[in-house]
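See structure below.
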Amino acid sequence: MRIAELVDALRLEVLTPTVPLAGAVAGGYCGDLLSDVLASARADEVWVTIQRHINIVAVAKVVGIPAIVICKGIRPGREVIDKAAADGIALLSCRESAFEAAGRIHRLLFPEGR
């Protein structure tokens with residue numbers, strides 16, 4: 010699934026409009042502990058979190074995560090948004106909890122279950 014399809018299906022707000030949303034998403038990872046995401050997330054997964062610190066961009070870049078969904082209506086500052094845009098990482102926002110967002114993403118990516 011493409012990031013753009015995920016955005017449309019879940020009605021996510023795009024915080025980095027200059028980042029192309031054509032990249033593929035093969036899975037997802039849900040977590041707020043940066044060291045856990047570094048150790049366990051995989052490239053081409055969407056990351057679901059409530060973190061908004063600039064280090065989320067660095068973690069996503071190292072792992073190869075193309076998009077971060079920030080939940081609960083939490084908004085990062087301009088510095089984080091600008092850094093994500095510069096690094097080509099889509100920052101997306103939703104009002105749902107991480108649990109709800111991850112469940113919705115999972116159903117979209119794996120409609121047959123997994």
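When we follow the working numbering, the leftmost residue of the sequence shown carries the number 10, and every step to the right adds one. By construction, the Cβ of each residue, glycine as well, lies at the ideal position given by its N, Cα and C atoms.
In this structure Val34 touches Glu54 by the C-beta definition: roughly 7 Å separates them, less than 8 Å. By the Cβ-count criterion, Ala76 is buried, with 16 or more other Cβ atoms from all chains shown falling within 10 Å of its own Cβ.
Pairwise C-beta distances place the segment 86–96 out of contact with the segment 110–120, as fewer than three of them are shorter than 8 Å.
Comparing alpha-carbon positions, the option among Asn64, Ala52, Gln60 lying closest to Val78 turns out to be Gln60. Under the Cβ criterion (8 Å, minimum of three pairs), the segment 43–54 does not count as touching the segment 11–27. The beta carbon of Gly97 is closer than 7 Å to those of Val28 in its chain, skipping five residues each way along the sequence. For Arg113, the secondary structure class from DSSP, reduced to helix, strand or coil, is helix.
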